[in-house]
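Take any residue in the sequence shown, note its place counting from 1, add 2, and you have its number in my numbering. Notes to accompany the following structure.
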Amino acid sequence: MNRVDHQYFFDVDLPRIEGEFGDDMVFDEFLDCLDKAVHEIMKDPANEGASLTRPPLAPTYRKKKFHSMRRPPQGKKADMRLVYRCDIATNTLYVFGVGKRQPYKVDDIYEILNPRTPI
Numbered sequence: 003m004n005r006v007d008h009q010y011f012f013d014v015d016l017p018r019i020e021g022e023f024g025d026d027m028v029f030d031e032f033l034d035c036l037d038k039a040v041h042e043i044m045k046d047p048a049n050e051g052a053s054l055t056r057p058p059l060a061p062t063y064r065k066k067k068f069h070s071m072r073r074p075p076q077g078k079k080a081d082m083r084l085v086y087r088c089d090i091a092t093n094t095l096y097v098f099g100v101g102k103r104q105p106y107k108v109d110d111i112y113e114i115l116n117p118r119t120p121i
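Given below as structure tokens:
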């Protein structure tokens, strides 16, 4: 499967997350978890993640929930969201953005992605 990342994925999202974590080892662990999430989507794009339900990103985009650490405490909910869409006809994964889920906050991933130009 091919992969296309939104311009802001590397220019905005990853530097923002790196600043939030503030520790290179923690950020490296997050990157490993992100890579695992992307590979899971690429292996089975039809069954990974869930459709978004609220406009403007719905119904085009999907979300993949994942943890920012390899071994989170038992019962801890996934704190990160990877927003993407798959085009099965062209066998392409379009990565739209990634970030922390923080409901009702300005720096929530969906608040950040809603005004972003689609890919």
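From the three backbone atoms N, C-alpha and C, an ideal C-beta is built for every residue, glycine too.
Pull up the DSSP beta-bridge partners for V100, would you. L84
Leaving out five residues before and five after L131 in sequence, what residues of the same chain have Cβ atoms less than 8 Å from its Cβ? Since the first residue of the chain shown is 3 and the last is 121, residue 131 is not available in this structure.
Please confirm whether G51 and R64 have their CB atoms less than 8 Å apart. The criterion of a C-beta distance shorter than 8 Å is satisfied by G51 and R64.
Can you give me the C-alpha to C-alpha distance between K38 and P74, rounded to a whole angstrom? 15 Å
To the nearest angstrom, how far is the alpha carbon of E31 from that of A91? 33 Å
Alpha carbon to alpha carbon, what distance is there between K102 and V108? 11 Å
Beta strand (DSSP E) containing F68: first to last residue? Run containing F68: R64 to F68, per the beta strand (DSSP E) assignment.
Let me check one thing: in DSSP terms, what residues is V6 bridge-paired to? DSSP lists Y96 as the beta-bridge partner residues of V6.
Could you tell me whether the Cβ atoms of I43 and Y86 are closer together than 8 Å? yes
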